[in-house]
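Following: one structure in C-alpha cells, then a few remarks.
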Amino acid sequence: MRIRSDSLAFRVILYSSLWAIVAIVLLGWLLIGLYRNDSARGFATLQEAQLFNLVGAVSVNDAGELQGTPNLGNTAFLQPLSGWYWRGAPVEGISGGALVSPSLGSEEIDRPPLSELPYDQQFSRHWIGPGPGGGQIRALETEIDLGDGRIARFQVVGNQTEFETTVQDFARQVGLMLLALGIGMVLINAGILLAGLRPLDHARQALAAIRNGDAASLEGDFPSEIQPLVNEMNALIDNNRRIVERARTQVGNLAHSLKTPLSVLVNEAGSKSGPSAAIVEEQTRAMDYQIQHYLKRARIAAQRESIIFRTDVRPVAEKLVSVMRKLNRDKELDFSVSAQKLVFSGEKEDLEEILGNLLENAGKWARRRISLAIEPFPGENERRWIRLTVEDDGPGIASEMRDEALKRGKRLDETVPGTGLGLAIVAETASAYGGGVELGESATGGLKVEITLPAAGH
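Take the sequence shown: its letters are residues 35 to 492, numbered as in our numbering.
Right under this line is the structure:
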C-alpha cells in the first residue's frame, strides 16, 4: 500500500510519530535528569564520608602540629593533579604547616571568600570551580575544633569533570537507545496502521473492480466498522442499477408508443399525392429520427458515468471481425487485428454498433486489407480512453470531403449500396459517450478512422 502525503495513513503516522518523538525526548530528559541528580547526591555523600574520614585521621601532636596519614580509599589521591585532593590546614591554636594529599603536592586550592560563600548550619560549605590541574572540581570544606581551642580547616576535593563525563556518557547511551526505540516505534506504528487500514484498501480495490466491470458488488470480509459502509455502497449500486433499468424501460416504452403514430402518419402521407403529403412525410420521418436520436442520447447519458455497464472490447472486436470475414468471402479480404485487453465504459450493443459500422464501411471500400487496432489513449484529468483505429486500402476520402462523410444520410458515391448512415451513427454514438471521430488517410492510401471512447475506471 503506497502512502501519499495527503492520505489518512500519512497523517496518522505523522501525528503518532511526532507524539512518539515528544514522548521519547521527555523520557530521555527525565532519565538523564534523574541519573544526574542521583549521581550528584552520591558524589556529595561520598565526599562527606571522605571528609569525615579525613577529620578522624588527623590529630594534633604534643608539639601542637597536625599529624596523621589519612587513607580515603581512592588511589586517585596518590596520583599527581588527578583532580582528587584532601588538605588539612591549621586555623587557630595550631602550629606547623598543612597536611596535603600526594596528588595535590605544593598546589593550592582556590577558595571563595567566606563573605561570598559562608558556612552552613553544619559549618560546612561546598563549591565547584577550576582545579589546580585544570578541569572542574567540587570541593567540600569544614572547620573543626580539635580541642583546647585548636581549630583546623579540612578540605576534600573531587573531580567534577569526571562526574560530568560520566553523565554525558550515560546521556549518549540513553539517546542511542531511545533513538532506536523511537525508530522501532514509528515502524511498528506504521505497520500496525497499514495492517489496520488494509480493509479500506481492499474496499477501494473492490470498487475499482466494479468500475472496471470485473465485479457487480463489493464482496469480501470486512471489519464491523467498515461493513455498514460496504452495505450502503452495495445498496447504492443496486439502486443505481434499478434507476438505469427503469430509465431504459421508460425510454423503450416511449419509443414504442411513438412508433405506431409516426408509422401511421408516414403511411397516410405516402398514400396521398401532392406537395403537402410529401412535406408531411418528410417532416414525420425527421420527427422519428429526432426522437430516436435524443432517446439514444438520453440512454447513453444515463449509463455513461454508471459503474454498471462495462464491456470487454477484444471479444466484441474478434466476434465482429469473424462475422465480416464471412460476409466478405467473395472479396477475400485480409483482416489484421491488434487488440489490447481493455474495458469499454458503456453497453455492449453500442460498442457493437460502432465497430460494426466501421468494419462494414471498410469492407465496402477495401480492396484487399483491413486493419483494426485497439489501444489505450491518454486523456485529460487522468481519464482513461480507448482508441479504435480502422484502416483500409480503398480509395479513401479527400480531406475536403471528410466532414461531409460524417453527416447523416450523406453518400459520397451513389454507385455503392448503402444509406450513408454508418459513419454518422458512429460519430453520434462516440460523441454521446464524450469521445470523438477523426478521419484521415491510411498508410496504404485508403481511409483511416480513429474513434475515442471512455475506458472503464480512472
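Beta carbons are placed, not taken as given, at the ideal position from N, Cα and C, and that holds for glycine.
- Contact between Leu115 and Pro146 does not hold, since the beta-carbon distance rounds to 21 Å and is not under 8 Å.
- Annotation: Glu472 is outside any alpha helix (DSSP H); the continuous beta strand (DSSP E) that includes it extends over Gly470 to Glu475.
- Going by C-alpha positions, Trp53 is about 21 Å away from Gly67.
- Setting aside the 5 residues that flank it on each side, Thr200 is surrounded in the same chain by Ser73, each with a C-beta closer than 8 Å to its C-beta; the list follows chain order.
- The Cβ neighbour count for Ile404, taken over all protein chains shown within 10 Å, is at least 16; the residue is labelled buried.
- Annotated three-state conformation of Ser465 is helix, per DSSP.
- Relative to Leu299, the option among Gly308, Asp322, Gln284 and Gly107 whose CA is nearest is Asp322.
- Under the DSSP assignment, Leu487 falls in the beta strand (DSSP E) whose first and last residues are Leu481 to Pro488.
- In this structure, Ala249 and Val377 do not form a Cβ contact; the two beta carbons are roughly 12 Å apart against a cut-off of 8 Å.
- Of Ala281, Pro295, Leu241 and Leu292, the smallest CA-CA separation from Ile271 is found for Leu241.
- Leu481 and Gly430 do touch by the CB rule: their CB atoms are close to 5 Å apart, below 8 Å.
- Counted as a single uninterrupted DSSP element, the alpha helix (DSSP H) harbouring Val355 occupies residues Val347 to Leu361.
- Put simply, of Pro104, Leu148, Leu100 and Ile185 the residue whose alpha carbon is nearest the alpha carbon of Gln84 is Pro104.
- Assigned with DSSP and collapsed to three states, Gly390 falls in helix.
- Counting along the chain, the unbroken alpha helix (DSSP H) around Val46 starts and ends at Leu42 to Ala91.
- Val278 and Ser379 have their alpha carbons spaced roughly 15 Å apart.
- Contact between the stretch 87 to 97 and the stretch 175 to 184 is established, with three or more Cβ pairs separated by less than 8 Å.
- Thr109 is classed as exposed because its beta carbon has fewer than 16 other beta carbons within 10 Å across all chains shown.
- Distance from the Cα of Thr463 is smallest, within the candidate group Leu385, Arg418 and Arg401, for Leu385.
- When the five nearest sequence neighbours on each side are left out, the beta carbons in the same chain lying within less than 7 Å of the beta carbon of Ser158 are those of Leu174, Glu175 and Thr176, in order along the chain.
- Bridge partners of Glu177 according to DSSP: Arg187.
- DSSP, reduced to helix, strand and coil, places Gln284 within a helical segment of the structure shown.
- An exposed status is given to Gln207, since fewer than 16 other beta-carbon atoms sit within 10 Å of its beta-carbon.
- DSSP places Pro410 in the strand class (E or B) of the three-state scheme.
- When the beta-carbon positions are compared, Arg172 and Gly127 stay at least 8 Å from each other.
- Taking C-alpha positions only, Leu227 is separated from Gln239 by approximately 18 Å.
- Exclusion of the five residues before and after Ala400 leaves Lys365, Leu367, Asp426, Asp427, Gly428 and Gly480 as the residues of its chain whose Cβ lies within less than 8 Å of its Cβ.
- Using a Cβ distance threshold of 8 Å, Gln156 and Ile162 do not count as a contacting pair.
- Taken in chain order, the complete alpha helix (DSSP H) segments of 4 or more residues contained in the stretch 222 to 252 number zero; there are none.
- In this structure Gly168 is not in contact with Trp118, their Cβ atoms being roughly 14 Å apart against a cut-off of 8 Å.
- When DSSP states are grouped into helix, strand and coil, Thr103 belongs to the coil group.
- Between Gly468 and Gly390, the alpha-carbon positions lie close to 19 Å from each other.
- Rounded to whole angstroms, the gap between the alpha carbons of Met211 and Gln81 is 32 Å.
- In the structure shown, Glu315 adopts helical secondary structure according to DSSP, grouped into three states.
- The three-state reading of DSSP puts Thr200 in helix, counting H, G and I together.
- Comparing C-alpha distances from Phe411 to each of Leu487, Glu383 and Asn362 shows the shortest one belongs to Leu487.
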